[in-house]
Amino acid sequence: MHPVLVQIGPLTIRYYGLMYVIAFTVGFFLLAFEVKRKGIPLSRDDLLDLLLWTIPLAIIGARIYYVAFRWDYYGAHPIDILKIWEGGLAIHGGVLAGTLTIYVFARVKRVSFWALTDCLAPSMILGQAIGRIGNLMNGDAYGTPTTLPWGIHFPPDSPAGMTYPGQATHPSMIYEMILNLIIFSYLWSIRKRGYKDGFSTAMYFILYALARSIVSFTRGDSLWLGPVRAAHVISAVFVAAFVVFIWRGRLYRRELKV
Numbered sequence: 032m033h034p035v036l037v038q039i040g041p042l043t044i045r046y047y048g049l050m051y052v053i054a055f056t057v058g059f060f061l062l063a064f065e066v067k068r069k070g071i072p073l074s075r076d077d078l079l080d081l082l083l084w085t086i087p088l089a090i091i092g093a094r095i096y097y098v099a100f101r102w103d104y105y106g107a108h109p110i111d112i113l114k115i116w117e118g119g120l121a122i123h124g125g126v127l128a129g130t131l132t133i134y135v136f137a138r139v140k141r142v143s144f145w146a147l148t149d150c151l152a153p154s155m156i157l158g159q160a161i162g163r164i165g166n167l168m169n170g171d172a173y174g175t176p177t178t179l180p181w182g183i184h185f186p187p188d189s190p191a192g193m194t195y196p197g198q199a200t201h202p203s204m205i206y207e208m209i210l211n212l213i214i215f216s217y218l219w220s221i222r223k224r225g226y227k228d229g230f231s232t233a234m235y236f237i238l239y240a241l242a243r244s245i246v247s248f249t250r251g252d253s254l255w256l257g258p259v260r261a262a263h264v265i266s267a268v269f270v271a272a273f274v275v276f277i278w279r280g281r282l283y284r285r286e287l288k289v
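Quick note: the sequence shown uses this note's numbering, first residue 32, plus one each step.
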């Protein structure tokens, strides 16, 4: 595994960036398909505007979240904050920043925020699954050392190789990719079942939070809040909040269409 796909003179194409381009492209077409199916009055140009705002702001949010939890390092090496191609994007920060951007967009366009995020939910989780391939090639989002036969030895100059030199580690990014694909299959299968607006969005947050909590037990690069993994704290908040949201809104009840 190597982070660079192609290098031609000064031009370098990295797997990390390529996977995110693929993820955003696939996500755009899935989103456009769902928006049209649900009859949300947004054109493809509107959706392109949405992504052009959401993607960079989500990346910034993901980076800020990661840097905040690693300030002991980045405070001493501020120039490294800009080196996002080396990894260091925290999905929870990206989701929070992206969700806020989508909320503002929905208000400006006067469309239902929950209907729009329901369209986005399958695209989001599929994009996250694709992005994990970039993590694999980059050697970040890695796991703790393991003796299991599917443990991976990363190159010595990769984040995983520098943290655990000469040791096989859990392929945590692959674990998460598999779980994300399962969640995608579920979200894609329920989109026509008549649930109220917001149900798919809530299930995205709940299921991803549970998946991330499971995978975090094997992660070797976890962010910490004292003795507790930050992913577990944030995931617990997401699960609790959206379970209450589903229950209070009776979103689990299907709407019969005549």
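Where is the CB? At the ideal position from N, CA and C, for every residue including glycine. Values in this document were obtained by computation on a predicted structure and should not be read as measured data.
query, result
"Val109 (DSSP reduced to helix, strand or coil)", "It is Pro, not Val, that sits at residue 109 in the sequence shown. It is helical."
"Where Pro176 falls: helix, strand or coil (DSSP)", "strand"
"Contact between the stretch 162 to 171 and the stretch 50 to 59 (3+ Cβ pairs under 8 Å)", "yes"
"Alpha carbon of Tyr134 to alpha carbon of Leu179, nearest angstrom", "44 Å"
"For Ile221 and Ala242, the rounded distance between their alpha carbons", "19 Å"
"Burial state of Met193 (16 or more Cβ within 10 Å)", "exposed"
"Proximity winner among Phe273, Phe185, Ser154 and Val142, relative to Leu61 (alpha-carbon distances)", "Ser154"
"Helix, strand or coil at Tyr217 [DSSP, three-state]", "helix"
"8 Å Cβ cutoff met for Leu254 and Ala121", "yes"
"For Ile237: DSSP bridge partner residues", "Partner(s): none; Ile237 has no beta bridge."
"Same chain, Cβ closer than 7 Å to Arg45, neighbours up to 5 away in sequence not counted", "Pro34, Val35, Leu36 and Trp116"
"Same chain only: Cβ atoms within 6 Å of Val289, ignoring 5 sequence neighbours per side", "With a pLDDT of only 40 at Val289, under the threshold of 50, the placement of this residue in the model should not be trusted, and no figure is reported."
"8 Å Cβ cutoff met for Phe64 and Leu78", "no"
"Residues bridged to Gln325 [DSSP beta-bridge criterion]", "Residue coverage of the chain in this structure runs from 32 to 289, which leaves residue 325 outside it and unanswerable."
"Alpha carbon of Lys67 to alpha carbon of Tyr217, nearest angstrom", "20 Å"
"Run of the alpha helix (DSSP H) containing Ser253, from where it starts to where it stops", "Here Ser253 belongs to no alpha helix (DSSP H), and DSSP marks it neither H nor E."
"Three-state class that DSSP yields for Ile340 in the structure shown", "Nothing about residue 340 can be reported from this structure: the residues present for the chain run from 32 to 289 only."
"Rounded Cβ spacing between Asp252 and Ala172 (contact assumed at less than 8 Å)", "7 Å"
"Runs of alpha helix (DSSP H) lying entirely within the stretch 139 to 206, each at least 4 residues, in chain order", "144 to 169 and 190 to 194"
"Alpha-carbon spacing of Trp145 relative to Tyr283, whole angstroms", "14 Å"
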